Structure formats: structure tokens, C-alpha cells
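Quick note on the numbering used here: the sequence shown kicks off at 164 and runs consecutively.
We put the beta carbon where it would ideally sit given N, CA and C, even for glycine.
Just so it is clear, the structure is predicted and the values come from calculations on it, not from any experiment.
The structure appears below as C-alpha cells.
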Amino acid sequence: MCTALPFAPSAEDVYLDECRRRAVRETVAALPGRCPQLIAALAEDPPPTYRELSERLGMPRGSIGPTRSRCLACLRMLLHTERYP
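Pasting the structure below:
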């Protein structure tokens, strides 16, 4: 009788995942202005409401969405221009 072994990522997969996570953390930290704080807050589980973000970051609620979009666009651009594994 064959039993399936549970999936276990290879050492290479674990290493590459950690490299990617580190690259994202470092790139987020290098973003301009309030972007690092905003992106970090949006990654919380559960994410804060826009009202909570407004109070925490001292931003008008109406500017959180557009700022979020600009921050994510900047993050995407920086991550795509870097060569990470």
C-alpha cells in the first residue's frame, strides 16, 4: 500500500521564497514618504479601515486610495527593475 508523503518544499524553494520576502521588505522600506507605513499597515491582518489609517498616518481619508495606488505602482516599478531570484 502506497501512502502519499506530505508536500515539503525543497531547500532551494525555501531559500528563494526568503530572498523574495527580503527583497519586498527592503524595497518597501526604501519607498518615499508615507509609503512604507501605508503599505505595512495595509499588509496587516486584518487591514485597518481607511478611518483608522487616516488617524494613524495623519492623512485625509480621501487621499489614502490614491496614495496607496501611487505607492504600489512605485513598489512594482522598483521590484521589476531589480533582479531578484
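Inter-stretch contact at 8 Å, needing at least 3 Cβ pairs: the segment 172-181 / the segment 209-216:
no
Our contact map puts residue 242 next to residue 194 with C-beta atoms below 8 Å; I'd like the distance itself, whole angstroms only.
Residue mapping note: residue 242 aligns to position 79 of the sequence shown, counting from 1. Residue mapping note: residue 194 aligns to position 31 of the sequence shown, counting from 1. The Cβ separation is near 11 Å, so there is no contact.
Contact under 8 Å by Cβ, residue 197 with residue 168
The residue you call residue 197 lines up with position 34 of the sequence shown. The residue you call residue 168 lines up with position 5 of the sequence shown. Taking 8 Å as the Cβ cut-off, residue 197 and residue 168 do not qualify as a contacting pair.
Consult DSSP for residue 199 and reduce its assignment to one of helix, strand or coil.
Residue numbering aside, residue 199 sits at position 36 when the sequence shown is read from its first letter. Correct three-state label for residue 199: helix.
Three-state class that DSSP yields for residue 218 in the structure shown
One-based indexing of the sequence shown puts residue 218 at position 55. Helix at residue 218.
Nearest to residue 222 by alpha carbon, out of 200, 166, 208?
Here residue 222 refers to the residue found at position 59 when the sequence shown is read from its first residue. The shortest Cα separation from residue 222 among 200, 166, 208 belongs to 200.
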